[in-house]
Ligand SMILES: NC(=O)c1ccc[n+]([C@@H]2O[C@H](COP(=O)([O-])OP(=O)(O)OC[C@H]3O[C@@H](n4cnc5c(N)ncnc54)[C@H](OP(=O)(O)O)[C@@H]3O)[C@@H](O)[C@H]2O)c1
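In the numbering used here, the protein residues as written are 10 to 446.
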């Protein structure tokens with residue numbers, strides 16, 4: 010095939026991911042040209058501090074990202090991160106007809122609507138595979154391969170730092186703070202781990218996944234978020250005792266309700282929180298910094314996507330895949346998938362979302378305790394799936410797993426049970442996922 014004219018690329022950011030993008034563009038230049046049908050020409054790299062970037066050609070570096078975006082380029086690759094200036098730079102690029110590839114989950118989770126509108130205004134492409142689950146091909150399958158199916162649920166481990174910590178707590182029985190310290194020492198947690206351990210990163214990813222899976226705009230603010238800092242060694246031990254393990258899950262689901270007259274209403278729920286899953290569940294075996302996402306669709310059934318969710322090279326692989334797709338579109342004159350938000354389903358609050366709880370209580374060891382506790386569950390219309398009671402010398406433990414009920418009903422049940430005189434302590438409360446409701 011004769012080679013087309015070069016695809017001119019501007020790179021914004023040259024940190025962990027950007028450096029690997031430059032390396033892959035250089036190392037694989039010949040193959041990329043053959044795959045695209047035209048060579049890729051890197052025309053400039055925007056950074057803050059050019060002096061610290063000895064690894065890339067000095068003549069490509071600039072601190073003026075806006076001018077680089079405004080220059081004669083076909084494609085802008087953004088790996089700066091954060092909302093501004095990335096948002097303004099990408100809106101400018103898209104409005105002027107330049108296609109965009111970005112790894113920026115925070116930006117996509119808050120501003121995908123206006124970014125897609127800007128892309129539509131000029132017919133440019135917007136690709137963002139690297140924004141969720143690093144190297145794992147996941148967004149393209151949701152946007153394209155499964156476009157003919159009806160996705161009902163997406164449940165995944167999408168944050169490596171929290172998975173490293175929870176896997177460590179499960180393996181050693183150590184506390185959250187000890188394991189976080191270990192993760193920081195080994196480079197698996199940032200100096201300020203808030204975005205990871207408080208679930209912000211996973212919530213951004215859940216918003217992106219829910220938007221694609223359910224053809225509905227879902228933002229990070231729509232996602233219920235709980236982090237892992239309250240997960241205790243006793244929660245982990247309780248999970249182990251029940252043949253379960255604790256994971257921080259991003260869960261996006263389509264909730265279908267059938268009214269008495271047979272009419273159905275659909276809504277979307279997106280949440281991030283720690284949950285107990287059976288040790289036999291495919292997500293239970295995902296340890297350390299790996300990511301995995303479990304997708305359920307009507308026709309396709311169950312699928313799991315697994316691999317490296319972060320790191321310079323794995324993330325750059327996903328960015329390069331997008332770059333090749335966008336460049337090919339340029340060469341042949343086509344366009345990739347646009348935003349698909351036609352369904353516009355309402356987003357449910359966590360209070361209305363059906364979940365299941367595991368509750369572990371320290372109770373007085375006397376007759377009638379179980380009856381008193383069970384009465385509170387009945388009063389809130391929460392049905393109990395399993396109970397285990399173990400007596401000790403002067404007190405006993407009671408472990409209850411519920412059937413699905415609204416999260417609000419479950420929370421008020423736990424509050425009231427905790428106030429019963431026969432209950433000495435609520436040892437552990439955690440949602441349960443990954444098994445029949
Ligand atoms: N790291 C991962 O494993 C990973 C995985 C998936 C997705 N991502 C996403 O990829 C993006 C980049 O992550 P990263 O880890 O590569 O970040 P990083 O190492 O902090 O690099 C950020 C780069 O952006 C440059 N930069 C910052 N502000 C700028 C500005 N105003 N103008 C021009 N350049 C600016 C920095 O320049 P200086 O170097 O001169 O300071 C640096 O080169 C983020 O959106 C992140 O969420 C990262």
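Glycine residues also receive a C-beta, built at the ideal position from the N, C-alpha and C atoms.
| field | Helix, strand or coil at residue 432 [DSSP, three-state] | value | Residue 432 sits at position 423 when you count from the first residue of the chain shown. In the structure shown, residue 432 sits in a strand (DSSP, three-state: E or B).
| request: Run the proximity test for residue 58: is its beta-carbon closer than 6 Å to any non-hydrogen atom belonging to ligand 1? | output: Indexing the chain shown from 1 puts residue 58 at position 49. Yes, the Cβ of residue 58 comes within 6 Å of a heavy atom of ligand 1.
| Given that a residue counts as buried once 16 or more other Cβ atoms are within 10 Å of its Cβ, and exposed if not, what is residue 341? | Within the chain shown, numbered from 1, the residue matching residue 341 stands at position 332. By the neighbour-count criterion, in which a residue is buried when 16 or more other Cβ atoms sit within 10 angstroms of its Cβ, residue 341 is exposed.
| message | To test your reading of the DSSP string, which unbroken beta strand (DSSP E) runs of 3 or more residues are found completely within the stretch 377-418? | response | Fully enclosed beta strand (DSSP E) runs of 3 or longer: 393-400, 404-411.
| Three-state secondary structure assigned by DSSP to residue 191 | For the purposes of this step, residue 191 is taken as the residue at position 182 of the chain shown. The answer is helix: DSSP assigns residue 191 an H, G or I state.
| field | residue 415 to residue 104 span [Cα, whole Å] | value | Your numbering for residue 415 matches position 406 in the chain shown. Your numbering for residue 104 matches position 95 in the chain shown. Computed Cα separation, rounded: 44 Å.
| task | In angstroms with no decimal places, state the Cα-to-Cα distance between residue 34 and residue 437. | result | Within the chain shown, residue 34 is the residue found at index 25, counting from 1. Within the chain shown, residue 437 is the residue found at index 428, counting from 1. Each residue's alpha carbon lies about 50 Å from the other.
| said: On the criterion of 16 or more Cβ atoms from any shown chain inside 10 Å, does residue 313 qualify as buried, or is it exposed? | reply: Indexing the chain shown from 1 puts residue 313 at position 304. Flag for residue 313 reads exposed.
| field | Own chain, CB closer than 8 Å to residue 264, minus 5 neighbours either side, in chain order | value | Taking the first residue of the chain shown as position 1, residue 264 is located at position 255. Contacts found: 275, 276, 277, 278, 357, 362, 363.
| query | Is it buried or exposed for residue 283, if we count other Cβ within 10 angstroms and need 16 for buried? | reply | Taking the chain shown and counting its residues from 1, one reaches residue 283 at position 274. Residue 283 comes out buried.
| field | Inter-residue CB distance, residue 444 and residue 287 (contact presumed, cutoff 8 Å) | value | By 1-based counting over the chain shown, the position of residue 444 is 435. By 1-based counting over the chain shown, the position of residue 287 is 278. In this structure, residue 444 and residue 287 form a Cβ contact; the two beta carbons are roughly 6 Å apart against a cut-off of 8 Å.
| Cβ of residue 92 within 6 Å of any heavy atom in ligand 1? | Your numbering for residue 92 matches position 83 in the chain shown. No, Cβ of residue 92 sits at least 6 Å from all heavy atoms of ligand 1.
| C-beta atoms of residue 259 and residue 165 nearer than 7 Å | Here residue 259 is taken as the residue at index 250 of the chain shown, counted from 1. Here residue 165 is taken as the residue at index 156 of the chain shown, counted from 1. Yes, these two residues count as a Cβ contact at 7 Å.
| Residue from 13, 17, 307 whose Cα sits closest to the Cα of residue 156 | Reading the chain shown from its first residue, position 147 is the one you call residue 156. Measuring from the Cα of residue 156, the nearest candidate turns out to be 307.
| Distance, Cα to Cα, residue 247 vs residue 433? | What you label residue 247 is simply residue 238 of the chain shown in a count that begins at 1. What you label residue 433 is simply residue 424 of the chain shown in a count that begins at 1. Straight-line Cα distance between these residues: approximately 17 Å.
| field | Burial state of residue 256 (16 or more Cβ within 10 Å) | value | Position 247 of the chain shown, counted from the start, is the residue given in the question as residue 256. Answer is buried; the Cβ neighbour count reaches 16.
| query | Any heavy atom of ligand 1 within a distance shorter than 6 Å of the CB on residue 65? | reply | By 1-based counting over the chain shown, the position of residue 65 is 56. Every heavy atom of ligand 1 is 6 Å or more from the Cβ of residue 65, so no.
| query | Rounded C-beta distance between residue 242 and residue 298? I'm assuming under 8 Å. | reply | Numbered from its first residue, the chain shown carries residue 242 at position 233. Numbered from its first residue, the chain shown carries residue 298 at position 289. Contact doesn't hold; Cβ gap of about 21 Å is too wide.
| said: What does the Cβ neighbour count give for residue 387, buried or exposed, with the cut at 16 atoms within 10 Å? | reply: By 1-based counting over the chain shown, the position of residue 387 is 378. Result: exposed.
| Going by beta carbon distance, what residues of the same chain come within less than 7 Å of residue 28, once the five residues before and after it are set aside? | Position 19 of the chain shown, counting from 1, holds the residue named residue 28. By the criterion of a C-beta distance shorter than 7 Å, residue 28 is surrounded in its chain by 64, 321, once the five residues flanking it on both sides are discounted.
| field | beta strand (DSSP E) runs contained entirely in the stretch 88-125, provided each spans 3 or more residues | value | Qualifying beta strand (DSSP E) stretches, in chain order: 108-111.
| Cβ shell of residue 49 (< 8 Å), same chain only, five flanking positions each side left out | Mapped onto the chain shown, residue 49 falls at position 40. Correct list, in chain order: 15, 16, 18, 34, 38, 41, 42, 332, 336.
| field | Spatial distance of residue 389 from residue 232 (CA atoms) | value | Locating residue 389 in the chain shown gives position 380, where the first residue counts as 1. Locating residue 232 in the chain shown gives position 223, where the first residue counts as 1. When rounded, the distance between both Cα atoms is 25 Å.
| message | Could you tell me which whole beta strand (DSSP E) segments of length 3 or greater appear in the stretch 126-183? | response | Listed in chain order, they are 160-166.
| Cβ of residue 139 within 7 Å of Cβ of residue 217? | Against the chain shown, residue 139 aligns to sequence position 130. Against the chain shown, residue 217 aligns to sequence position 208. No Cβ-Cβ contact shorter than 7 Å links residue 139 with residue 217.
| task | Going by DSSP, name the residue or residues bridged to residue 275. | result | Here residue 275 refers to the residue found at position 266 when the chain shown is read from its first residue. For residue 275, DSSP records a beta bridge to 265.
| query | Counting along the chain, where does the beta strand (DSSP E) carrying residue 323 start and finish? | reply | Here the question's residue 323 lines up with position 314 in the chain shown. No beta strand (DSSP E) holds residue 323; the alpha helix (DSSP H) holding it covers 321-341.
| task | Look at the alpha carbon of residue 273 and the alpha carbon of residue 266, and state the distance between them as a whole number of angstroms. | result | The residue given as residue 273 occupies position 264 in the chain shown. The residue given as residue 266 occupies position 257 in the chain shown. As the crow flies, the alpha-carbon of residue 273 is around 5 Å from that of residue 266.
| message | Considering only DSSP beta bridges, list what residue 315 is partnered with. | response | Within the chain shown, residue 315 is the residue found at index 306, counting from 1. In DSSP, residue 315 forms a bridge with 301.
| request: Report yes or no: do three or more beta-carbon pairs, one from the stretch 109-122 and one from the stretch 61-75, lie closer than 8 Å? | output: When Cβ pairs closer than 8 Å are counted between the two stretches, the stretch 109-122 is seen not to touch the stretch 61-75, the count staying below three.
| Quick one: what's got a C-beta closer than 8 Å to residue 171's C-beta in the same chain, skipping five residues either side? | Indexing the chain shown from 1 puts residue 171 at position 162. The answer, listed in chain order, is 205, 206, 208, 211, 236, 237, 257.
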